[in-house]
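Please read the structure below before turning to the comments.
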Amino acid sequence: MSYYHPNFDVRKKFCECFLPEPREEVYAVVENMHNLVDEVIMPLRRDLDGGWTHDQAVADVAIATAMQAIYDSGWPRAILPEEKGGLGGVMKSMVTYAMLIEELGRADCGIALDVSLLYWFYSPMLYAGRTDLIDIFGPPLLDGKHHRACTSLTEPAGGTNIDDTTQHGRTLRTIARREGDEWVINGAKIWPSGASVADIGYMTLTTTDPNLGDDGIKLIYVPADAKGLSFGKPIPTMGMCCTDTNTEVFYDDVRVPVEYAATWGTDMKDVDLFKELAVEDKLTTPAYVNGACQTVLEILLDFSKDRIVAGKPMREHSVFVHTIGGLIHMWDYSRASYMQGCYMADHPEKYGPLWGKFMYSRAASVDQACLMAARRIIETAMDLMGSYGTAHEYHLEKYYRDVKQAELWLGGRYRTQMDVVLDYYDYEWAGPKWEPTPSR
Amino acid sequence: MRIVVCTKQVPDTEAQVKVSPDGRSIEETGITFIMNPYDEFAVEEAIQIRERGEAGTTVTLVTMGPERTEEVLRRGLAMGADAAVRVWDDSLAEADSGVTAEVLCAVARRLGFDLILCGRVAIDDAAAQVGLRLAEKLGIPHGNAVTKLDVEDGKLIARCEIEGGVEVRELPLPALVTAQKGLNAPRYPAIPAVMKARRVEIALFSPAELGLDQSAAASRQSRILTLEPPPARAAGRMIDGDPAEAARSLAHLLRDEAKVI
Ligand SMILES: Cc1cc2nc3c(=O)[nH]c(=O)nc-3n(C[C@H](O)[C@H](O)[C@H](O)COP(=O)(O)OP(=O)(O)OC[C@H]3O[C@@H](n4cnc5c(N)ncnc54)[C@H](O)[C@@H]3O)c2cc1C
Numbered sequence: 001m002s003y004y005h006p007n008f009d010v011r012k013k014f015c016e017c018f019l020p021e022p023r024e025e026v027y028a029v030v031e032n033m034h035n036l037v038d039e040v041i042m043p044l045r046r047d048l049d050g051g052w053t054h055d056q057a058v059a060d061v062a063i064a065t066a067m068q069a070i071y072d073s074g075w076p077r078a079i080l081p082e083e084k085g086g087l088g089g090v091m092k093s094m095v096t097y098a099m100l101i102e103e104l105g106r107a108d109c110g111i112a113l114d115v116s117l118l119y120w121f122y123s124p125m126l127y128a129g130r131t132d133l134i135d136i137f138g139p140p141l142l143d144g145k146h147h148r149a150c151t152s153l154t155e156p157a158g159g160t161n162i163d164d165t166t167q168h169g170r171t172l173r174t175i176a177r178r179e180g181d182e183w184v185i186n187g188a189k190i191w192p193s194g195a196s197v198a199d200i201g202y203m204t205l206t207t208t209d210p211n212l213g214d215d216g217i218k219l220i221y222v223p224a225d226a227k228g229l230s231f232g233k234p235i236p237t238m239g240m241c242c243t244d245t246n247t248e249v250f251y252d253d254v255r256v257p258v259e260y261a262a263t264w265g266t267d268m269k270d271v272d273l274f275k276e277l278a279v280e281d282k283l284t285t286p287a288y289v290n291g292a293c294q295t296v297l298e299i300l301l302d303f304s305k306d307r308i309v310a311g312k313p314m315r316e317h318s319v320f321v322h323t324i325g326g327l328i329h330m331w332d333y334s335r336a337s338y339m340q341g342c343y344m345a346d347h348p349e350k351y352g353p354l355w356g357k358f359m360y361s362r363a364a365s366v367d368q369a370c371l372m373a374a375r376r377i378i379e380t381a382m383d384l385m386g387s388y389g390t391a392h393e394y395h396l397e398k399y400y401r402d403v404k405q406a407e408l409w410l411g412g413r414y415r416t417q418m419d420v421v422l423d424y425y426d427y428e429w430a431g432p433k434w435e436p437t438p439s440r
Numbered sequence: 441m442r443i444v445v446c447t448k449q450v451p452d453t454e455a456q457v458k459v460s461p462d463g464r465s466i467e468e469t470g471i472t473f474i475m476n477p478y479d480e481f482a483v484e485e486a487i488q489i490r491e492r493g494e495a496g497t498t499v500t501l502v503t504m505g506p507e508r509t510e511e512v513l514r515r516g517l518a519m520g521a522d523a524a525v526r527v528w529d530d531s532l533a534e535a536d537s538g539v540t541a542e543v544l545c546a547v548a549r550r551l552g553f554d555l556i557l558c559g560r561v562a563i564d565d566a567a568a569q570v571g572l573r574l575a576e577k578l579g580i581p582h583g584n585a586v587t588k589l590d591v592e593d594g595k596l597i598a599r600c601e602i603e604g605g606v607e608v609r610e611l612p613l614p615a616l617v618t619a620q621k622g623l624n625a626p627r628y629p630a631i632p633a634v635m636k637a638r639r640v641e642i643a644l645f646s647p648a649e650l651g652l653d654q655s656a657a658a659s660r661q662s663r664i665l666t667l668e669p670p671p672a673r674a675a676g677r678m679i680d681g682d683p684a685e686a687a688r689s690l691a692h693l694l695r696d697e698a699k700v701i
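Right, here's the structure in full:
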């Protein structure tokens, strides 16, 4: 990056009041990741996309290098509790996680997603205090090699409805049937990130009976090598086109032990863990999208310094000063918004559990604020840069594609906006009644 | 083996350095400070020697500077150093290379050492003086601008860059080596190590505690009178005219004015 501005420094951009103690330790950890991103991952950006032709073989080499550097940093193991090999301390905080993820997002949203997927996979078992499940699924995080996990939620019939808590799981069609000491899972998913390449497992959203609503919901951990689990072909997508793999996932009489349900043996509800997962995702996707925006601003500041318009640098014309100022303030407030949300998540004693209405609504609001800001920042940067913005060489088009893609998951814009009101007034929809298929 | 590594905190290579209103120092606000990149090679080398060498080898970092310079020590600790020492009081605020070498000499004697590693040059003042002066004061041999270092039977084999070539030197221990780019690839500290390094107690010495007389040192010390940024680059010159004519004027300018051809 040729542009350098001290206001993009870690210590300036991350507001100290949100950080867990000891703050100096958080800064040190994040600065370390910042440098690693600049020196190892930034130079790989083009290859992470497989170049202009999106050649997966080229991308795979770059992904392996980037991910290995992240695993060498010892970060992924921080997900685990200390007694299981985790790092504890400031690394338990969602704020620290978001700050680290933002640093990755500066280089590549897909790489940030790869790490996030690990967090999402493990979080239900962690919230449920399931040390037995951690013993089964946790060890890959300790061997220092690149592993992937998958959170398998979205279904072919109405993906967004699955995430809609006001439909209480009534549209779910992946059914978990209890047979003795096992769950037998049948159904299909589409779009999960990491599908077909995840080797740790598939955390699968199911229901025992859609008509039971929330009470039927079960989050079940399915080992990657489970019999009856199969996949469609990777679906070529616009953004994160090589770093993320999305496929259909088919469950044909997939059998797993009953205790692989996230809340088994606890008095927690799976629906709460599902909401917790959505909140965690909605608070931290904004972080890497915000990181992407930082790079976009750097590209724009650099470009507009040298681009001469009507005899002087573009960024010295009042109209552009005004526009660039607007983009910087959007970038700034979206960071403040997600940092505040993550701080609240770190303090359930004040703001309630992640699955409570307040946090659910707050997370949706943060997600909307940040993703809307990100889209405007990137689109406007492209408007200002004209055709140069679309040129592969400037990287901007890659961030444009990646950020749009990130905006779509977990309900997308229209549905997430509906979640925002949940803490202000109640609304419900009646999902369609489910008739089991007799042949099953 | 006791290895001491001297590290200095310097402004980030990308920082836009400005002279402060007193005209004798740089404006520190808004500047990010980093470990001198050549010192990073020195720290990395020390850790590698410990990793492949005899049991009981220790790596101790030393810096001279105000409290903010502890950041470089913590970075070195996160890379794998065992301990760190900082020397400071306000009498050192204007220390030149000679005084710095005296201070480091006193610390090295206090700590005890078999090998001292320094960066070849600090990128802020680019004086390239301290390492060599330190060797001189300690009365030990040195290898300068080293790109390969082996420790064998109590001596060092150092590949030193010299003007236009390479010199391989054998140095009996104790000795001092200054690290040149290419010596190794400094590691990224892992997060657990970064966290641990924050909790290490850093020893602080004043010059007096090291038995140094600063008033005497001040009388031998050179002083910065003014700092000036390099002259601003002149604007580029556009050459008009048809291509043949423009090429002729360009050749003329390059030969007779710029004198580069
Ligand atoms: C890059 C990427 C990664 C993904 N990763 C994962 C993953 O890891 N795991 C996973 O399970 N899924 C994943 N998804 C899937 C994603 O969560 C869904 O695509 C998303 O929820 C939208 O579902 P859909 O595509 O079926 O669209 P639809 O549900 O058909 O929605 C289309 C449009 O209609 C609107 N809409 C639909 N229903 C409603 C409603 N009830 N109320 C209001 N508006 C509505 C939506 O907001 C949207 O605008 C990923 C998707 C992408 C693009």
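The listed protein sequences correspond, in order, to chains A and B. Those letters in the first sequence? Residues 1 to 440, per my numbering, in order. Those letters in the second sequence? Residues 441 to 701, per my numbering, in order. Just so you know, even glycine gets a beta-carbon here, dropped at the ideal spot from N, CA and C.
Only those residues of the stretch 560–576 of chain B whose C-beta falls short of 7 Å from the nearest C-beta of chain A would be listed, and there are none. For secondary structure counted as the beta strand (DSSP E) over 3 or more consecutive residues, the stretch 187–230 of chain A holds these complete runs in sequence order: 202–207, 217–222.
A Cβ-Cβ distance of about 6 Å is found for the pair D108(A) and T243(A), placing them in contact under the 8 Å criterion. Of all residues in the stretch 454–479 of chain B, those with a C-beta nearer than 8 Å to a C-beta of chain A are E454, A455, Q456, G470, I471, T472, reading in chain order. Contact annotation: T416(A) and Q368(A) have beta-carbon atoms nearer than 8 Å. Here T151(A) is buried, its C-beta having at least 16 other C-beta atoms within 10 Å.
Residue burial annotation: C17(A) is exposed, with fewer than 16 other C-beta atoms found within 10 angstroms of its C-beta.
Within its own chain, the residues whose Cβ lies closer than 8 Å to the Cβ of L113(A), once the five positions on either side in sequence are excluded, are S193, M240, T243, D244, Y288, A406, listed in chain order.
Of all residues in the stretch 625–657 of chain B, only Y628, P629, A630, I631, P632, V634, M635, R638 place a beta-carbon less than 7 Å from a beta-carbon of chain A.
By the C-beta density criterion, S196(A) is buried, having at least 16 other C-beta atoms within 10 angstroms. Contact between the stretch 455–470 of chain B and the stretch 655–674 of chain B is present: 3 or more CB-CB pairs across the two stretches fall below 8 Å.
DSSP, reduced to helix, strand and coil, places V502(B) within a strand of the structure shown. Distance from the C-beta of R508(B) to the nearest heavy atom of ligand 1 is not below 7 Å. No residue range can be given for D426(A), since it is assigned to no beta strand (DSSP E) and is classified by DSSP as neither H nor E. Residue pairing by DSSP places H392(A) in no beta bridge whatsoever.
The contact set of R514(B) on chain A, defined by CB atoms closer than 7 Å, consists of A28 in chain order.
Apart from the 5 residues on each side of it in sequence, H168(A) sits with its Cβ closer than 6 Å to the Cβ of G213, D214 in its chain, given in chain order.
Contact between the stretch 246–259 of chain A and the stretch 304–314 of chain A is absent, with fewer than three C-beta pairs closer than 8 Å.
In the DSSP assignment, C446(B) falls outside any alpha helix (DSSP H) and lies within the beta strand (DSSP E) extending over 442–446.
Under a 10 Å Cβ-count criterion, Q449(B) is classified as buried, with 16 or more other Cβ atoms of the shown protein chains found around its own Cβ.
Annotated as distal: M418(A) and L396(A), with beta-carbon spacing of 8 Å or more. Between the alpha carbons of E511(B) and I474(B) lies a distance of about 8 Å. Listed along chain B are I631, M635, each with a C-beta nearer than 8 Å to that of M91(A). Taking C545(B) as the centre and dropping the five residues before and after it, the same chain places the C-beta of L574, K577, L578 closer than 8 Å to its C-beta, in chain order. About 16 Å separates the beta carbons of V502(B) and R490(B), which is beyond the 8 Å limit, so they are not a contact pair. At a Cβ-Cβ threshold of 8 Å, S73(A) and D346(A) do not count as neighbours.
In terms of Cα proximity to A336(A), the closest of K357(A), T131(A), C370(A) is C370(A). Excluding sequence positions up to five before and after V90(A), its CB lies within less than 6 Å of the CB of P20, E25, V26, T96, all in the same chain and listed in chain order. A residue is called buried once 16 or more other Cβ atoms fall within 10 Å of its Cβ, and G389(A) is buried on that count. Residue environment: E480(B) is assigned as buried (16 or more neighbouring CB atoms within 10 Å of its CB, all protein chains considered). By the C-beta criterion, the stretch 198–211 of chain A is judged to be in contact with the stretch 222–233 of chain A, since at least 3 inter-stretch pairs fall below 8 Å. Taking C-alpha positions only, Q661(B) is separated from I602(B) by approximately 29 Å. The three-state secondary structure of S662(B), taken from DSSP, is coil. The distance from the Cβ of T380(A) to that of L327(A) is about 6 Å, consistent with a contact at the 8 Å cut-off. By the neighbour-count criterion, in which 16 or more other beta carbons inside 10 Å mark a residue as buried, L694(B) falls on the exposed side. The alpha-carbon separation between I377(A) and C293(A) amounts to approximately 7 Å.
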